[in-house]
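Just add 435 to the spot in the sequence shown (first one is 1) and you have our numbering.
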Amino acid sequence: MTNHEITPIDEIFDDEAAELYDMMYFNGDSFTTQTNELIVKHLEQAGAKNILDMSCGTGSQCIELSLAGYNVEATDLSNSMLKRAKEKAKLHNVDIKFKQADMKSVTTDECQGIISIFNSIGYLNKEDFATTLRNASNNLEPNGVFIFDTFHDKALAFIPAVEFVDCDIMIDKKHVKRFTKIFFNKTEGNCIITRRIEITEESGDLREINECVQFSVYEEQEMIDLVKENGFSSVEIVRQSMLELRSIKNSMNLVIAKK
Ligand SMILES: C[S@@+](CC[C@H](N)C(=O)[O-])C[C@H]1O[C@@H](n2cnc3c(N)ncnc32)[C@H](O)[C@@H]1O
């Protein structure tokens, strides 16, 4: 597994990925709704009104938060993902301030809640994650909250390192089939996911996209220590029940870090 070349992040979230993303990840799935309900619950508890989504992607969380009445600013590293999020925000008639930024260094004002969802922080190495925690803390007002999710390390251990089909859909007369293989390296504290995406056009032409992503994975105590050492006074981890874990998409824990 270790001989795979890691795909640069701007290739993983390019124009074509942004176009396919919502269908590939959220079609008919309640993952976003469940996560958004949990986020709102914890934002309410913190009394947050102004929110920064620091890895908004195509807008899966920021648009719902805006519709729920929060003042939202949304940033992402990928201009392709931001472009799609802006189009969706317009369709939903919500007023979100979008800008391109890296979560390690993004800045905002008067913010009581920051979110980063769907393992976006997993793309960071552990040093950059610590930098991001400090940056989130610096951006938050006192008692603010940083809510993010990460892979459930214990659940990953149960996913066999064999290729499986985790997406098989038609998008605009294109047949998109994705083959995924997950390799969790507990010792290294990371997870390598290889994806082979076959796109068959209406004409029958077949294209293949191959990518390999390395995600950082944290044990519970390691996460608690990191969060507390980098600008937060308390941390709660909402660990999903192992019984609920049926796919990589469900293998997440939500971390609520309070300043
Ligand atoms: C799996 S997507 C999640 C997007 C969205 N939160 C969702 O749930 O659909 C991960 C996102 O993190 C963004 N990302 C990765 N590294 C980043 C960084 N250093 N700063 C800001 N965004 C980053 C990617 O561009 C991508 O849009």
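Don't be surprised by glycine CBs; every beta carbon is placed ideally from N, CA and C.
Asked, Found
"According to the Cβ coordinates, are Ser434 and Gly492 closer than 9 Å?", "Only positions 436 to 694 of the chain appear in the structure, and residue 434 is not among them; the question remains open."
"Tell me where the alpha helix (DSSP H) around Leu568 begins and ends.", "Lys561 to Asn574"
"Shorter than 8 Å, the distance from the beta carbon of Asp488 to the closest heavy atom of ligand 1, or not?", "yes"
"May I ask you to check if the CB of Thr585 is nearer than 8 Å to at least one heavy atom of ligand 1?", "no"
"What do you get for Ala692, buried or exposed, if any count of 16 or more other CB atoms within 10 angstroms of its CB means buried?", "buried"
"From the DSSP output, in three-state form, read off Glu623 for me.", "coil"
"Measuring only the C-alpha atoms, how far is Val507 from Leu568?", "19 Å"
"Is the separation between the beta-carbon of Val529 and that of Ser501 shorter than 9 Å?", "yes"
"So which of Glu454, Ile444 and Glu664 has the shortest CA-CA distance to Asp607?", "Glu454"
"Given a threshold of 16 other Cβ atoms within 10 Å of its Cβ, counted over all protein chains shown, does Phe599 qualify as buried or as exposed?", "exposed"
"Do Leu512 and ligand 1 come close, with the Cβ less than 8 Å from some heavy atom?", "yes"
"How many Å lie between Phe461 and Ser490 at the Cα?", "17 Å"
"If you draw a straight line from the alpha carbon of Lys539 to that of Lys521, how long is it in whole angstroms?", "22 Å"
"By DSSP's criteria, Glu643 is part of a beta bridge. Which residues make up the other side?", "Glu633"
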